[in-house]
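Asks: Pasting a structure below so you can have a look.
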Amino acid sequence: MASQRTGSSRTGTQRGGSAGRGAKKADGLDFRSVEPAPLILLKGNEDYLASRALDRIKQALRAEHPDLEFTRLDVSAAAPGELFTVTSPSLFGEARLVLAEDLAAMNDTFLTDALAYLEEKPEDVTLVLRHSSGNRGKKLLDVLAKRAVVVDCAGARNDNEKLDFVRREFRAAGREIHADGARALVAAAGSTLSDLGGACQQLMADVAGDITEEHVDRYHGGRVEATAFKVADAAFEGRREAATRLYRHAMATGVSPIAVTAALARKGRHIAALVDHRGSPAALAATLGAPPWQLQQVAETARRWHPLRAAEAIEAIARADAEAKGASRTPEYAVERAITAIASSVGR
Amino acid sequence: MSVFTELVGQDAVVEQLRRAAGSGTPAHAWLFTGPPGSGRSNAARAFAAALNCEQDEPAARGCGECRTCRLVAAESHPSVKLVSTENVTYKIDDVRELITTAQEKPQGARWRVIVVEDADRMTERATNVLLKAIEEPPPHTLWVLCAPSPADVLVTIRSRCRLVSLRIPPTAAVAQLLITRDGLNEQQAQFAARVSQNHIGVARRLARDPEARRRREQVITLPLRLTSSSAAIKAAGSLVEMTQADAASTAEARLEVEQASLRRSLGLDPEEKIPPKLRSQFKKLEEENTRRAKRAVADSLDRALIDLTAVFRDVLSLKLGTGAELINEHLREELHRYAESLSAEQTLAGLDAINAARTRITQNVPPLLAMEALMMQFLPGRSRA
Ligand SMILES: [Zn+2]
Numbered sequence: 001m002a003s004q005r006t007g008s009s010r011t012g013t014q015r016g017g018s019a020g021r022g023a024k025k026a027d028g029l030d031f032r033s034v035e036p037a038p039l040i041l042l043k044g045n046e047d048y049l050a051s052r053a054l055d056r057i058k059q060a061l062r063a064e065h066p067d068l069e070f071t072r073l074d075v076s077a078a079a080p081g082e083l084f085t086v087t088s089p090s091l092f093g094e095a096r097l098v099l100a101e102d103l104a105a106m107n108d109t110f111l112t113d114a115l116a117y118l119e120e121k122p123e124d125v126t127l128v129l130r131h132s133s134g135n136r137g138k139k140l141l142d143v144l145a146k147r148a149v150v151v152d153c154a155g156a157r158n159d160n161e162k163l164d165f166v167r168r169e170f171r172a173a174g175r176e177i178h179a180d181g182a183r184a185l186v187a188a189a190g191s192t193l194s195d196l197g198g199a200c201q202q203l204m205a206d207v208a209g210d211i212t213e214e215h216v217d218r219y220h221g222g223r224v225e226a227t228a229f230k231v232a233d234a235a236f237e238g239r240r241e242a243a244t245r246l247y248r249h250a251m252a253t254g255v256s257p258i259a260v261t262a263a264l265a266r267k268g269r270h271i272a273a274l275v276d277h278r279g280s281p282a283a284l285a286a287t288l289g290a291p292p293w294q295l296q297q298v299a300e301t302a303r304r305w306h307p308l309r310a311a312e313a314i315e316a317i318a319r320a321d322a323e324a325k326g327a328s329r330t331p332e333y334a335v336e337r338a339i340t341a342i343a344s345s346v347g348r
Numbered sequence: 001m002s003v004f005t006e007l008v009g010q011d012a013v014v015e016q017l018r019r020a021a022g023s024g025t026p027a028h029a030w031l032f033t034g035p036p037g038s039g040r041s042n043a044a045r046a047f048a049a050a051l052n053c054e055q056d057e058p059a060a061r062g063c064g065e066c067r068t069c070r071l072v073a074a075e076s077h078p079s080v081k082l083v084s085t086e087n088v089t090y091k092i093d094d095v096r097e098l099i100t101t102a103q104e105k106p107q108g109a110r111w112r113v114i115v116v117e118d119a120d121r122m123t124e125r126a127t128n129v130l131l132k133a134i135e136e137p138p139p140h141t142l143w144v145l146c147a148p149s150p151a152d153v154l155v156t157i158r159s160r161c162r163l164v165s166l167r168i169p170p171t172a173a174v175a176q177l178l179i180t181r182d183g184l185n186e187q188q189a190q191f192a193a194r195v196s197q198n199h200i201g202v203a204r205r206l207a208r209d210p211e212a213r214r215r216r217e218q219v220i221t222l223p224l225r226l227t228s229s230s231a232a233i234k235a236a237g238s239l240v241e242m243t244q245a246d247a248a249s250t251a252e253a254r255l256e257v258e259q260a261s262l263r264r265s266l267g268l269d270p271e272e273k274i275p276p277k278l279r280s281q282f283k284k285l286e287e288e289n290t291r292r293a294k295r296a297v298a299d300s301l302d303r304a305l306i307d308l309t310a311v312f313r314d315v316l317s318l319k320l321g322t323g324a325e326l327i328n329e330h331l332r333e334e335l336h337r338y339a340e341s342l343s344a345e346q347t348l349a350g351l352d353a354i355n356a357a358r359t360r361i362t363q364n365v366p367p368l369l370a371m372e373a374l375m376m377q378f379l380p381g382r383s384r385a
């Protein structure tokens, strides 16, 4: 759509600061420890965590009341009194679980009913409210913040938080995953929390005992991201033949050259930032928005690099990325040339 | 003040437009060309105002005082439509929508004027749709297309348009405008005109906004300051992050305005839930917004790269001892020292690297990667093979 400016004024520029990238502060209970209660608020934008919390609540209730009646209430289209109907004691006295989602989209009817419902404080129903984001119905949210059991359903914003998620998954199940295994898992399956959660469950089910990096590799080695990262690792470590072999294998299994240039760019960024860095690597990691362990991993490699060779490597990656995106008719070859150039620059 | 005041240093063009606006029988299709900063959109706007100005005397049209002139200047005259795409190209649907508008009679004005501020961003298919409209325009409609050069639009369009060629105004003329129109003092005006390389819009922003000046100084002194690979990577990161944060907040503010206006036009209350069948329209708005923010980042980085080009031109002119005034005259000493540390070949390689970064950003290389590659080229002692 073109912007058409008759009768409407353009908005001015606001200066936005950059958000901090530190570890997140938990806003409520871990979903892994939630117990049934009359009022529960699932707070945060990650659907996967909200569904895990709900599953846990449902399971606990079913264990006591096999005839549990579960109702999902669309609060964006709630009719007057609907909330009271679905929460009123049933004829045969079954236990009731009601999920109201999502408060961000609730209509005024629901808002009014919910405020009235909270006045009555019913104790024999489990009402779970989902709130993904926003300030709609501030008054209701304030009351819930005080009275409901609040469950943290905010998603993971960076690799550190994903790593934290993996550790908690294993701890909650009474299992162990090695630190490098957890990192490998985040790199291989961490594109969404639900992928990551699924991968954790699968590993726990399939592997007896502690989980190591090798286990993760065996189960997730074929994943696109992991493959591209391995190419980048080999290239920057100067393992030229391995890098080329891994790259060709990646191409043969349908990985796109662009995924490889992205992995190379990330690795190159970390090497170039470390190569002549003085001061704390942790502070550097914060500046780059990378988890500290990622920089620790490449610190050893960076010692074998010269700043000017790093400059050439990044130049080669930028050129290859442009070529892979259409500037060259042989994108696969363009990227392979960059890989060779990088691998031959180590230690020079 | 006349609407033509802003068109400094373009007397021939002003004369041409005044005469056409007062004639009663202007051509129906116009192509305004000139490099960025030559004031194409300003000229087109001034022309649209003059065409509809309320003064009886034809020679006085474009008075800048009457209601019409002021509405056009505020981009809110109902019969003057200004369009620019914030995407990489126009879509056919955009052009069809314009053509529908073109059929409507002007409201309380002599002419319906449609100004396409970046006609060079029309695809060939979109242009062919437009061509039909230009060939048989309704009697009271004028099309004004703007592009950097005549070669940027298809020859079929070009041949049907009256051409208006703008040029980059001389520094002195831009400085004079900043003094008379914006109330800057001589020194401020000279500085802003020179470092913007005579781009009136950029000059005005630099003159008014200390933050914009500070940012420009930071960017252009990067090649002089970067001494480590680590610093180069960090500099690229903060430059891109700053640009993205700016673009995102501008885009967000604008999205809210557009969502509110879409709600109004669909008859929805501000808080009302969007019915499922209308959701796709809102979704489309959000997608447009994402694309727009992306283009804003590219444009703003491009400006930074133009500023860096100026630094290397200055260095080159110092190396060659041309004695010409520098664009960044206020940094003469620093630039002199920097010039001594570089060979002429290295200076030219610096210019090449900046150009490569500009091209790469248009080729969809992530801005961060393109800027990192560039910043690393500024490291001292680089052997430029
Ligand atoms: Zn007027």
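Chains A and B are the protein sequences, given in the same order. Read in order, the letters of the first sequence correspond to residues 1 to 348 in full-length UniProt numbering. Read in order, the letters of the second sequence correspond to residues 1 to 385 in full-length UniProt numbering. Note that CB positions come from ideal geometry on N, CA and C, so glycine has one too. Just so it is clear, the structure is predicted and the values come from calculations on it, not from any experiment.
What residue range is occupied by the uninterrupted alpha helix (DSSP H) comprising A:K58?
Replies: Looking at the DSSP string, the run of the alpha helix (DSSP H) that includes A:K58 is D47 to E64.
Asks: Kindly list the residues whose CB is nearer than 6 Å to the CB of A:P122, restricted to its own chain and excluding five residues on each side of it in sequence; keep chain order.
Replies: Counting only Cβ-Cβ distances below 6 Å, and skipping sequence neighbours, we find nothing.
Asks: Taking the runs of the alpha helix (DSSP H) that are 4 residues or longer, which of them lie wholly in the stretch 258-336 of chain A?
Replies: List check, alpha helix (DSSP H) in window: 281-288, 292-302 and 307-322.
Asks: With respect to 6 Å, is the separation between the Cβ of A:C153 and the closest non-hydrogen atom of ligand 1 below this value?
Replies: A:C153: no, Cβ never under 6 Å from ligand 1.
Asks: Could you check if A:G289 is buried or exposed, using at least 16 other CB atoms within 10 Å of its CB as the buried criterion?
Replies: So A:G289 ends up on the exposed side.
Asks: Taking Cβ positions, are B:F312 and B:L351 nearer each other than 7 Å?
Replies: Yes, the Cβ-Cβ distance between B:F312 and B:L351 is below 7 Å.
Asks: Report yes if the CB atom of B:L142 is closer than 7 Å to the CB atom of B:V113, and no otherwise.
Replies: Yes, the pair counts as a contact, with Cβ atoms nearer than the cut-off.
Asks: Could you give the distance in angstroms between the alpha-carbon of A:T11 and the alpha-carbon of B:L266?
Replies: In this prediction, A:T11 has a pLDDT of 33, which is less than 50 and means its spatial position is unreliable; what the coordinates show is noted afterwards. The straight-line gap from Cα to Cα measures roughly 22 Å.
Asks: Mind checking B:H28: buried by the 16 CB within 10 Å criterion, or exposed?
Replies: The residue in question, B:H28, is buried, as its Cβ has 16 or more Cβ neighbours within 10 Å.
Asks: How would you call A:G22, buried or exposed, if buried means at least 16 neighbouring beta carbons within 10 angstroms?
Replies: With a pLDDT of only 37 at A:G22, under the threshold of 50, the placement of this residue in the model should not be trusted, and no figure is reported.
Asks: Assuming contact is defined by CB atoms lying nearer than 7 Å, are B:L7 and B:A43 in contact in what I supplied?
Replies: Against a cut-off of 7 Å, the Cβ pair of B:A43 and B:L7 comes out as a contact.
Asks: Check B:S280 in the structure and name its three-state DSSP category.
Replies: Looking at B:S280 - three-state DSSP - the assignment turns out to be helix.
Asks: Applying a beta-carbon distance threshold of less than 9 Å, which residues of chain A neighbour B:K234?
Replies: Within 9 Å Cβ-Cβ: A273, L284, T287 and L288.
Asks: When the cut-off is 7 Å and only beta carbons count, does residue 397 of chain B lie next to chain A?
Replies: Absent from the model: residue 397 of chain B. The displayed extent of chain B is 1 to 385, so no value can be given.
Asks: Grab me the residues of B:E135's own chain with a C-beta within less than 8 Å of its C-beta, minus the 5 sequence neighbours each way, in chain order.
Replies: Contacts found: R160.
Asks: Just to check my reading of the structure: B:V164 and B:Q281 have Cβ atoms closer than 8 Å, yes? What is that Cβ distance to the nearest angstrom?
Replies: Wrong, their Cβ atoms sit about 37 Å apart, outside the cutoff.
Asks: Are the C-beta of A:Y119 and some C-beta of chain B separated by less than 7 Å?
Replies: Looking at the sequence provided, one finds Glu at residue 119 of chain A rather than Tyr. It does not: the Cβ of A:E119 has no partner Cβ on chain B nearer than 7 Å.
Asks: Quick one: give me the first and last residue of the beta strand (DSSP E) that B:V164 is part of.
Replies: Unbroken beta strand (DSSP E) run through B:V164: R162 to S165.
Asks: For B:K319, return the contacting residues in chain A, with the cut-off set at a CB-CB distance below 9 Å.
Replies: Neighbours of B:K319 on chain A: none; closest Cβ ~22 Å, over 9 Å.
Asks: Got a list of residues with beta-carbon closer than 7 Å to any non-hydrogen atom of ligand 1, in chain order?
Replies: Residues flagged by the Cβ proximity filter: B:A49, B:C53, B:E54, B:Q55, B:R61, B:G62, B:C63, B:G64, B:E65, B:C66, B:T68 and B:C69.
Asks: Within the same chain, show all residues whose beta-carbon is closer than 6 Å to that of A:L118, passing over the 5 residues directly before and after it, in chain order.
Replies: So the list reads V143, once near-sequence residues are dropped.
Asks: Would you check if the stretch 35-53 of chain A and the stretch 71-84 of chain A touch, i.e. whether three or more CB-CB distances between them fall below 8 Å?
Replies: Touching, no, given that fewer than three Cβ pairs across the two stretches are closer than 8 Å.
Asks: Taking the straight line between their C-alpha atoms, what separation do you get for A:R240 and A:S344?
Replies: The straight-line gap from Cα to Cα measures roughly 7 Å.
Asks: Quick one: which chain A residues come within Cβ less than 7 Å of B:A373?
Replies: Those are I314, E315 and A318, listed as they occur along chain A.
Asks: According to DSSP, is A:A338 part of a helix, a strand, or is it coil?
Replies: Helix, per DSSP.
Asks: Ignore the nearest five residues each way along the sequence and tell me which others in A:D321's own chain have a CB closer than 6 Å to its CB.
Replies: For A:D321, where only same-chain residues beyond five positions count, the Cβ hits under 6 Å are T261.
Asks: In or out: A:A228 buried (at least 16 other Cβ within 10 Å) or exposed?
Replies: Classification for A:A228: buried.
Asks: With DSSP as the reference, label A:P89 as helix, strand or coil.
Replies: Three-state result, A:P89: coil.
Asks: I'd like to know if B:S228 contacts chain A, where contact means its C-beta is closer than 7 Å to some C-beta of that chain.
Replies: Judged by the 7 Å Cβ criterion, B:S228 is in contact with chain A.
Asks: Beta-carbon of B:N364 versus every beta-carbon of chain A: anything under 7 Å?
Replies: Chain A, which has a Cβ nearer than 7 Å to the Cβ of B:N364, makes this yes.
Asks: Which residues share a DSSP beta bridge with A:D74?
Replies: The partner list for A:D74 (beta bridge, DSSP) reads A:E101.
Asks: With DSSP collapsed to three states, give me the class of A:R240.
Replies: A:R240: helix per DSSP, three-state reduction.
Asks: Using a Cβ-Cβ cut-off of 7 Å (strictly less than) and excluding sequence neighbours within five positions of B:E226, which residues of its own chain qualify?
Replies: Correcting the residue type first, residue 226 of chain B is Leu in the shown sequence and not Glu. Excluding sequence neighbours, B:L226 sits near A232, A235, M375, F378 and L379.
Asks: For a contact defined as C-beta to C-beta under 8 Å, what are the partners of A:K325 on chain B?
Replies: Chain B residues near A:K325: Q363, N364 and V365.
Asks: Mind checking whether B:L184 and B:A207 have CB atoms under 7 Å apart?
Replies: Cβ atoms of B:L184 and B:A207: closer than 7 Å.
Asks: Look at the alpha carbon of B:F32 and the alpha carbon of A:A232, and state the distance between them as a whole number of angstroms.
Replies: Near 49 Å, if we compare the C-alpha coordinates of A:A232 and B:F32.
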